[in-house]
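K.L.:
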Amino acid sequence: MRAWCVVVPRERGEEIRRRLVGLGVLHKHLRIVREGDRLFIPTTARVDLDFPTEQREFGEGFVAIRSYKDVVDVPESLRRSLPSSFDVIGDIAVLKIPSEMQRYRGEIGRAILRWNPTLQVVVEDRGVKGERRVRSIDVIAGERRTTTVHTEHGLRYAVDLAQAYFSPRLASERQRIANQVLAGEIVADPFAGVGPYAILIAKRRRPKIVHASDVNPAAVALLRANVGANRIDRVATYEGDARQILEQIRPVDRVILDLPHTAFDHLGHSFAALGARGVVHVYRILERADERAAADRIRAIVAQAGLEVTDLRLHTVRAYSPTQQHVAFDVTVVRGSRRAGLGTSPSVSHRSRMKSTPTTGRRSGRTVRQSAPRGPRKRRSTRRR
Ligand SMILES: C[S@@+](CC[C@H](N)C(=O)[O-])C[C@H]1O[C@@H](n2cnc3c(N)ncnc32)[C@H](O)[C@@H]1O
Numbered sequence: 008m009r010a011w012c013v014v015v016p017r018e019r020g021e022e023i024r025r026r027l028v029g030l031g032v033l034h035k036h037l038r039i040v041r042e043g044d045r046l047f048i049p050t051t052a053r054v055d056l057d058f059p060t061e062q063r064e065f066g067e068g069f070v071a072i073r074s075y076k077d078v079v080d081v082p083e084s085l086r087r088s089l090p091s092s093f094d095v096i097g098d099i100a101v102l103k104i105p106s107e108m109q110r111y112r113g114e115i116g117r118a119i120l121r122w123n124p125t126l127q128v129v130v131e132d133r134g135v136k137g138e139r140r141v142r143s144i145d146v147i148a149g150e151r152r153t154t155t156v157h158t159e160h161g162l163r164y165a166v167d168l169a170q171a172y173f174s175p176r177l178a179s180e181r182q183r184i185a186n187q188v189l190a191g192e193i194v195a196d197p198f199a200g201v202g203p204y205a206i207l208i209a210k211r212r213r214p215k216i217v218h219a220s221d222v223n224p225a226a227v228a229l230l231r232a233n234v235g236a237n238r239i240d241r242v243a244t245y246e247g248d249a250r251q252i253l254e255q256i257r258p259v260d261r262v263i264l265d266l267p268h269t270a271f272d273h274l275g276h277s278f279a280a281l282g283a284r285g286v287v288h289v290y291r292i293l294e295r296a297d298e299r300a301a302a303d304r305i306r307a308i309v310a311q312a313g314l315e316v317t318d319l320r321l322h323t324v325r326a327y328s329p330t331q332q333h334v335a336f337d338v339t340v341v342r343g344s345r346r347a348g349l350g351t352s353p354s355v356s357h358r359s360r361m362k363s364t365p366t367t368g369r370r371s372g373r374t375v376r377q378s379a380p381r382g383p384r385k386r387r388s389t390r391r392r
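Residue numbers (this note's numbering): 8 to 392.
(1) Kindly provide the ranges of any beta strand (DSSP E) runs that are 3 or more residues long and lie completely inside the stretch 99-167, ordered along the chain.
(2) Please go through the same chain and pick out, in chain order, the residues whose beta-carbon is closer than 6 Å to the beta-carbon of glycine 235, but skip the five residues on each side of it.
(3) Can you check whether the CB of histidine 288 is closer than 8 Å to the CB of isoleucine 305?
(4) Ignoring anything shorter than 3 residues, give me the beta strand (DSSP E) runs that lie fully in the stretch 159-227, in order along the chain.
(5) Over what stretch of residues does the alpha helix (DSSP H) that includes phenylalanine 93 continue unbroken?
(6) Straight-line CA distance for glycine 397 to glutamate 107?
(7) Residues in the same chain with beta-carbon distance under 8 Å from glutamate 150, minus the five sequence neighbours each way, listed in chain order, please.
(8) Beta-carbon within less than 6 Å of valine 135's beta-carbon, same chain only, minus the 5 sequence neighbours each way: which residues are those?
(9) Between the stretch 82-97 and the stretch 45-56, do three or more beta carbon pairs fall short of 8 Å?
(10) Which residue spans inside the stretch 295-340 form an unbroken alpha helix (DSSP H) run of at least 4?
(11) Measuring CA to CA, which of Arg181, Ile193, Ile256 is closest to glycine 200?
(12) I need the DSSP call for arginine 41, collapsed to helix, strand or coil.
(13) Candidates Gln311, Leu319, Pro124, Ala228: which alpha carbon is nearest alanine 301's?
(14) Measure the C-alpha to C-alpha separation of alanine 243 and alanine 219 and round it to an integer number of angstroms.
(15) When burial is assigned at 16 or more other CB atoms within 10 Å of the CB, is alanine 270 buried or exposed?
(16) Is aspartate 337 a contact residue of ligand 2, with contact defined as CB to any heavy atom under 7 Å?
(17) Look up valine 14 in the DSSP assignment and give the residues it is bridged to.
(18) What residues in its chain sit with their C-beta under 8 Å from that of glycine 343, if we drop five residues either side in the sequence?
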C-alpha cells in the first residue's frame, strides 16, 4: 500500500514512532521499512517533524501487539498514566482510569478492544460502594452492556457488574476455602453474591448442603440462575440479611463471612450459628500492624459466644493497597465443654486434622503465639494466631 512516511535515522526510530503515536498519525497496520541506517515510518498523512518525508509502498501485515498501549493514541506526555492492568470478567474488561486520562477513556477502551478481539465491552470501574458492594460502572467502549458470563474453575457465572458484586481476583481464595470442606458438612455462605464460593464447594466437594444467601435481590437472582446453569443440587438459596438467615439455618459446620469492610459486625452471629464445633472464615482489609489486634478481637468475640478457639490462622489473600492487605482469618472453634472430646467423632477429628494437615496438601498456616513477641516471618501467605 502507498503511504506517506518520515525517514529517520535508525537510532531515533523508537522515539519518532512514539511521537507519531502521540500525534495520532502512525499508520499502525503498515510495516516500518528499514534500509541501511534509515527507517521509513508510515504515517496516515504528511507530517513535518524536521525529518525528510516521502511517499512509498509499504507492506501490510500483522503487527505484534504486546499490550493495548502499543495501539492507543494518547499524547506522549500522558503515556505513563495509562492503566497498566485491568480485570477481565467474561468478555468485559474492567479498569480504573486516573483523572488525568479521563478525556482519553474512549480511546483507551477502543484500544483494548482492538488489542484483544475476544473482549466485547470495556467499562470504567468507579469503585465499589455501599453495603451491597456494587460497582459504579460506565461503559466506555464496545457493546452497551454490563452483563456477561464468566468462567472460573470450569464453572460458569452470569454476572451483571452494575447490579451485583463479583471479582475474579478471589478465584484462588475460593479454591483455598473449597479445599477445606469435607464430605457431609453444612456450609453457610450468607454473603454469597452471585455464588462463586457456594457453587464451587457444592460442585467440587461433597457437602451435605450449602446455604447461600445475599441481601441484594439482583445478586440472589443471578445466584439462582448460576445454581441452575451449573446443575447444582446441594445449594439452598435465600434472599435476606445474613443475621436472620444464619438464625434460620443453624446449626452449621462452616461459615464464609465474605464482607471484608464490616465482617466483624457479623462475627457474633456467625459463631452462634455453629454447632458443637466449626470454622468461620472471616475476611478483613487490614494494615499489617493491625493484624494482632484483629486476632485478639476475634478471640474475644469467640469467648463471648461461649466457644473456644482451637486454631486461628491468618492467610493473606492479596495486597489491597500499598499499606493494606486483604486477609482471611480461618477460625476453628469448639464449645468449651466439648474440647476434651476432640477426636471422638468424625467431624471433630476432621477439625483436629485440619489444624496440622491442610487438605491442599501444602501447609497453609503459620503460627504466631499470642503471648510471644513477634519473631521474623518465615512464610508470607498464612499464619496461625
Ligand atoms: C464482597 S461481596 C462478596 C460476594 C461473594 N462472596 C463473592 O465472592 O463474589 C459481599 C456481598 O454481601 C452482601 N451483603 C452485604 N451486607 C449483607 C447483609 N447484611 N446480609 C446479607 N448479605 C449482605 C452484598 O450484597 C454482597 O453481595
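C-beta: ideal position from N, C-alpha, C; glycine also.
P.N.:
If we stick to the structure as given:
(1) 99-102, 128-136, 141-149, 154-159, 162-167
(2) For the purposes of this step, residue 235 is taken as the residue at position 228 of the sequence shown. Nothing listed; no residue qualifies.
(3) In the sequence shown, counting from the first residue as 1, residue 305 sits at position 298. In the sequence shown, counting from the first residue as 1, residue 288 sits at position 281. Taking 8 Å as the Cβ cut-off, isoleucine 305 and histidine 288 do not qualify as a contacting pair.
(4) 162-167, 193-196, 216-221
(5) Here residue 93 refers to the residue found at position 86 of the sequence shown. Unbroken run through phenylalanine 93: none, as it is neither H nor E.
(6) Shown here, the chain extends from 8 to 392; a query on residue 397 therefore has no answer.
(7) The residue you call residue 150 lines up with position 143 of the sequence shown. For glutamate 150, where only same-chain residues beyond five positions count, the Cβ hits under 8 Å are Gln127, Val128.
(8) Here residue 135 corresponds to residue number 128 of the sequence shown, with the count starting at 1. Correct list, in chain order: Arg142.
(9) no
(10) 298-311
(11) Within the sequence shown, residue 200 is the residue found at index 193, counting from 1. Nearest option by C-alpha distance: Arg181.
(12) Locating residue 41 in the sequence shown gives position 34, where the first residue counts as 1. Three-state result, arginine 41: strand.
(13) Position 294 of the sequence shown, counting from 1, holds the residue named residue 301. It is Leu319.
(14) One-based indexing of the sequence shown puts residue 243 at position 236. One-based indexing of the sequence shown puts residue 219 at position 212. Looking at the two C-alpha atoms, the distance is approximately 6 Å.
(15) Reading the sequence shown from its first residue, position 263 is the one you call residue 270. Buried is the call here.
(16) This structure lacks ligand 2; its bound ligands are ligand 1.
(17) Within the sequence shown, numbered from 1, the residue matching residue 14 stands at position 7. Per DSSP, Phe47.
(18) Along the sequence shown, read from residue 1 onward, the residue named residue 343 stands at position 336. Taken in chain order, the residues that qualify are Gly313, Leu314, Glu315.
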